[in-house]
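Inspection log for the structure reproduced underneath, given as structure tokens.
Protein chains in written order, with my numbering: chain A, 7 to 85; chain B, 3 to 162.
Here's what the structure looks like:
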């Protein structure tokens with residue numbers, strides 16, 4: 007979920023009509039976030055560039071590494 | 003039910019799963035609990051957007067579970083052929099690490115138990131050219147990689 011900056015809201019007004027936008031990020035680079043916009047019948051996906059300064063905050067889910075249940079990695083000494 | 007641990011993550015999802023979730027009919031969206039609604043508000047999502055977010059994660063987790071079971075099956079077949087020296091304990095996702103980790107134990111008379119934590123690079127988020135990515139649909143590739151890793155594992159093990 008991105009909160010668009012005033013500049014981003016204006017620049018992306020054709021694509022989004024709200025300040026908070028739910029996006030699927032396909033990749034990110036120096037330009038900004040490339041988000042999935044549309045899928046064609048051929049299977050091609052069109053992506054939209056959201057420049058870094060076009061949003062002010064981003065909210066995403068993160069999973070912390072889960073503890074491994076059971077035995078740990080390493081050695082056990084025999085009896 | 004597999005007899006090894008599987009840990010799925012449900013992220014990152016894939017573009018095709020995003021489209022499927024966005025296109026899912028309203029009748030297939032989950033009923034939100036009060037807690038779900040609170041989480042939706044926290045994310046500035048509408049209830050429907052959050053419901054589709056849950057559907058997306060469910061799709062991704064389902065795919066991961068299928069992958070883990072397939073990988074586990076390949077490895078258990080291999081270990082069966084090796085005569086029971088190795089046992090698969092788990093196929094797990096760890097943090098944001100791409101691919102899978104397989105947790106293995108082995109026991110040989112006189113050497114005690116050994117535990118291996120082997121990284122299986124089945125996906126790559128780095129876009130680095132030439133980076134090796136294993137194809138889960140190719141059991142031979144998984145088997146060959148794992149056998150090589152277990153041989154190397156002797157020098158990479160971590161003492162408990």
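In this text, a Cβ means the ideal position worked out from N, Cα and C, and glycines have one as well.
Query	Result
Pull out every residue of the stretch 7-24 of chain B whose Cβ sits closer than 7 Å to any Cβ of chain A, in chain order.	7, 9, 11, 13, 17, 20 and 21
Go through its chain and collect everything with a Cβ distance to residue 94 of chain B's Cβ below 6 Å, but skip five positions before and after it.	9 and 103
Drop a sphere of 10 angstroms on the beta-carbon of residue 11 of chain B, count the other beta-carbons inside from all chains shown, and report buried for 16 or more, exposed for fewer.	buried
Assuming residue 55 of chain A and residue 38 of chain A make a contact with CB atoms under 8 Å, what is their CB distance in whole Å?	6 Å
Do residue 40 of chain B and residue 49 of chain B have their beta-carbon atoms positioned less than 8 Å apart in this structure?	no
Any beta carbon from chain E within less than 8 Å of residue 65 of chain A's own beta carbon?	Chain labels in this structure do not include chain E; the protein chains are A and B.
Secondary structure at residue 11 of chain B, three-state DSSP: helix, strand or coil?	coil
Should residue 80 of chain B and residue 34 of chain B be called a contact, given that it needs their Cβ atoms to be closer than 8 Å?	no
Considering only the beta carbon of each residue, do residue 88 of chain B and residue 106 of chain B sit closer than 8 Å?	yes
Does residue 43 of chain A get closer than 8 Å to chain B when you measure Cβ to Cβ?	no
Just the C-alpha distance for residue 139 of chain B and residue 44 of chain B, rounded to the nearest angstrom, thanks.	40 Å
Alpha carbon to alpha carbon, how far is residue 78 of chain B from residue 86 of chain B? Give it in angstroms, no decimals.	9 Å
By the three-class DSSP mapping on this structure, what secondary structure does residue 95 of chain B have?	coil
Does residue 45 of chain B get closer than 8 Å to chain A when you measure Cβ to Cβ?	yes
Are there any heavy atoms of the ligand MN lying less than 7 Å away from the beta-carbon of residue 63 of chain A, as far as the coordinates show?	In the structure shown, the ligand MN is absent, as is every other ligand, since no ligand is present at all.
So, do the stretch 61-74 of chain B and the stretch 58-68 of chain A have three or more beta carbon pairs nearer to each other than 8 Å?	no
Mind reading off the beta-carbon distance from residue 1 of chain B to residue 62 of chain B? Whole number of angstroms is fine, and I expect it under 8 Å.	The question about residue 1 of chain B has no answer, for chain B in this structure spans 3 to 162.
For a contact meaning CB atoms closer than 7 Å, what does residue 30 of chain A contact in chain B?	17 and 20
Can you grab the Cα-Cα spacing for the pair residue 100 of chain B / residue 125 of chain B, in whole Å?	6 Å
Can you list, in chain order, the residues of its chain whose CB lies under 7 Å from that of residue 141 of chain B, leaving out five sequence neighbours each side?	76
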